[in-house]
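> Dropping a structure here in C-alpha cells format, bear with me for questions.
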Amino acid sequence: MRPPLPAAFLNIPIAHRALHDVADGRPENSRAAIHAAIAAGYGIEIDLQLTSDGQAMVFHDDTLERLTGACGPVKALSHSQAQAIPLKGGVDEGIPDLAEVLELVGGQVPLLIEVKDQDGLMGPDVGVLERAAVDALRSYNGPVALMSFNPHSVAELARLAPHLPRGITTSAYDPIEWPELTPAICDHLRDIPDFEGAQACFISHEAYDLTRPRVQSLRDSGVPVLSWTITSAAEEAAARAFADNVTFEGYLSNLPG
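For the sequence shown, UniProt numbering gives the first residue as 1, with consecutive numbering after it.
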C-alpha cells in the first residue's frame, strides 16, 4: 500500500531550495534559507547529493562551481570536506548535511526532499544515497516526502522505506534542456511510464508542461500534482489551474488564509 502525501504538501506553498536570496545572505539549500522559510511558514524543498563516504549532503548541483568557490564533483568529497566548503553568498556557511537540516526543520513545516540522480543516465545504479536519506529520516517526526527524477531511485525508496511518501519529479524532457540524456531516454521518461512500477504516490512536474495529457490524467485519477519552478504570482495563478501546489522562488507565494 502506498502512503498518501500529507495534506500539508497540498496546502502550503513550498520554497524551492528553501527561501533563498543571496542578496540577503541566504544561498540555495542553506541553513539561512531554511530558517527564513520556517519563519515565513512555507514548506521547504531541498536537494541531496552523495559524498565519497556515503553521506547525504543538502546541495543541488553535481559539481561545486556554481554554488561555492571550489570546483569538482560533490561525490569526490568526504562528508567533512563538504561541510568545510563555504557557500557563495552565505555568512560563514558550509554545505549542510541532511541530519543537520532535519534537526533545523524539526517538523515545523513540510519538507520535500529531492534525491538527485546518481546513475547519470536515470538508470538503476542507485541505492547508496537513498539509504543514507532513509537512515537519516528514521527518527524524524513531521510531514516529509521524498522524490527523484530517476524512477529507479523512487522504487528504491519504496523498498527501503515503504511508509514514506515518495514521488517522481517529472518534466517535458526537451532534449535541448537535458543534454546529459539521450533522446531515447527523454522519450521514455516524458510520459511518466514508471509511476506504477516505482510505487510513486505523487508527481512534481515542470510548470510550463502541466497541461500534458498524461499529467492531467494522473491528476484526474487522484494523484497529487506539484509543480516546479514557479517564479511569479502570475505563473502561480496559471499553474494552480492544473496542479495542486507550487514550488516557488524569486517572489513570495501567498500563504493560506
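Built from N, CA and C at the ideal position, the CB exists for glycine as well.
Ordered along the chain, which non-local residues of its own chain (more than five positions away) have a Cβ less than 7 angstroms from that of Arg2?
The residue given as residue 2 occupies position 2 in the sequence shown. Excluding residues within five positions, the ones whose Cβ falls inside 7 angstroms are Gln199, Cys201.
> Can you check whether the CB of Gly41 is closer than 8 angstroms to the CB of Pro110?
The count along the sequence shown starts at 1 and reaches residue 110 at position 110. The count along the sequence shown starts at 1 and reaches residue 41 at position 41. Against a cut-off of 8 angstroms, the Cβ pair of Gly41 and Pro110 comes out as no contact.
> Beta-carbon within less than 8 angstroms of Glu206's beta-carbon, same chain only, minus the 5 sequence neighbours each way: which residues are those?
Looking up residue 206 in the sequence shown gives position 206. Once the five neighbours on either side are set aside, the close Cβ partners of Glu206 are Thr170, Ser171, Ala172, Ser227, Trp228.
> To which residues of the same chain is Asp61 closer than 7 angstroms at the C-beta, ignoring the five residues directly before and after it?
Against the sequence shown, residue 61 aligns to sequence position 61. So the list reads Leu67, once near-sequence residues are dropped.
> Count the CB pairs spanning the region 22 to 42 and the region 89 to 101 that are closer than 8 angstroms, and state whether there are at least three.
Yes, they touch.
> Run through the region 180 to 223 for me and flag every whole alpha helix (DSSP H) of 4 or more residues, listed as ranges in chain order.
Runs found: 183 to 190, 213 to 220.
> Are the region 174 to 188 and the region 143 to 155 touching, with three or more C-beta to C-beta distances below 8 angstroms?
The answer is no - the region 143 to 155 does not touch the region 174 to 188, with fewer than three Cβ pairs under 8 angstroms.
> What are the residues that DSSP puts in a beta bridge with Ile113?
Sequence index remark: in the sequence shown, residue 113 carries index 113 (1-based). Ile46, Leu146.
> Counting only the same chain and skipping the five closest in sequence on each side, list residues whose C-beta sits under 7 angstroms from that of Gly127.
Within the sequence shown, numbered from 1, the residue matching residue 127 stands at position 127. Within the same chain, Gly127 has close Cβ partners Glu156.
> State the start and end residues of the unbroken beta strand (DSSP E) segment that holds Ser227.
The residue labelled residue 227 in the question sits at position 227 within the sequence shown. Per DSSP, Ser227 belongs to the beta strand (DSSP E) from 225 to 230.
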